[in-house]
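Working notes, beginning with the structure itself.
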Amino acid sequence: MDGITGTAALVAGAEDVWTVAGRNFRSRLVVGTGKYKDLEETAAAIEASGAEMVTVAVRRVNLSDPNAPMLQDYVDPKKYTYLPNTAGCHTARDAVRTLRLAREAGGWNLVKLEVLGPPPHLYPDMAATFEAAEALLKDGFEVMVYCSDDPVAAKRLEDMGCVAIMPLGAPIGSGLGIQNPAMISMLIEQTKVPLLVDAGVGTASDAAIAMELGCTAVLLNSAIAHAKDPVRMARAMKLAVESGRLCHLAGRMPRRMGADPSSPLTGLIR
C-alpha cells in the first residue's frame, strides 16, 4: 500500500471503492492505452499506475487482427476493464457507429463517449455529444461522457442517463492542469453519478488537485505517455491520486489572511 498503514490504509484501500454502472473499482486512476512507443511500454506503464480501467481508442488500436500486435496480448482484459472510446470522432454519427462496432467486436457495453470540435482546441462538441448520447442510451449502452464544464450541459447528460460525467480540466492533450477548479467544484456539488476529470492533466500535482476538489477519479493518457519516463510517471500519478483522495477525505485546514502560530502560547517563560 506504498507505505500507508493503519487507518489511512483503510481509507485508501479496500473500503474506499467507487462504483460505475454496477462495477466497483479501488483505483481512482483511469489511464489510456495510446501514444506509447510500443505495447511493451503501454503494459508496463499501466501496471505501474495501478489502474483497473483502461480506455481504448477503437479507431486506433488493433483489437481484432491476429496478424498484427494486439492490445489484449499485453493488457489482459481479464485483469483490466476495457473502456472503448470514440477518440478521433467529430460527429455524432461516427461516434455511435464506432461504439456499435466495438460492442460487436468485444461485447463491450460500458463505453466512453467523446465528440470533439475542430482543431486547434478540440473542445467537446456538446450538440453532437447530446445527439450521440441519446442514440447510445437508447441502444442499451452504459455511457461515460466527456463534456464541457458547463453545469447545465452536465446536468442534462446526467438526466439523460449517462453513468458518469467527465468534464475537461483543460483542452485535451494540453497538459495545462486544472484550469477551472471553481467550475469543477460546482459540477461535483450537483452531480449524483461519478465525476471524473478527463483531459488537461499534465503532472502529478494536477491529478492531486482534481482529487482534492472531490472528483471521483481522474482519467489521463498524455501526461504518462508523453513523459520522459512513462513508467515512473505512471507511478507518480498513482501516488498523486491516492494523496489527493486522502486530502479530500481528511479535510484541509481553513485558509486565513493572518498568521496563527502553531506552537501554544501557554507555559511561556516571561
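The opening residue of the sequence shown carries number 1 in UniProt numbering; numbering runs sequentially from there. All C-beta atoms in this analysis are idealised placements derived from N, C-alpha and C, irrespective of residue type, glycine included.
Where I165 sits in the DSSP three-state scheme: strand
What does DSSP give as the partner residue(s) for C147 in the beta ladder? P167
Would you be able to state if there are at least three C-beta pairs under 8 Å between the segment 184-201 and the segment 166-174? yes
Give every residue of the same chain whose Cβ lies closer than 7 Å to the Cβ of V75, excluding the five residues on either side of it in the sequence, and list them in chain order. T33, T42, A43, I46, V54
Hey, T81 and F141: beta-carbon distance below 9 Å or not? no
Enumerate in chain order the residues of its own chain whose CB-to-CB distance from A182 is below 8 Å, with the five nearest sequence positions on each side excluded. none
Taking the Cβ atom as the reference point for each residue, do E212 and G244 lie within a distance shorter than 9 Å? yes
For R97, which option in M237, V58, E189, C215 has the closest C-alpha, if you only look at C-alpha atoms? V58
In the structure shown, what three-state DSSP assignment does G106 receive? helix
Where in the segment 67-128 do unbroken runs of the alpha helix (DSSP H), each at least 4 residues long, occur, reported from the N-terminal end onward? 92-106
Compare the beta carbon distance of V145 and E114 with 9 Å and say whether it is the shorter of the two. yes
Distance, E158 Cα to S185 Cα: 16 Å
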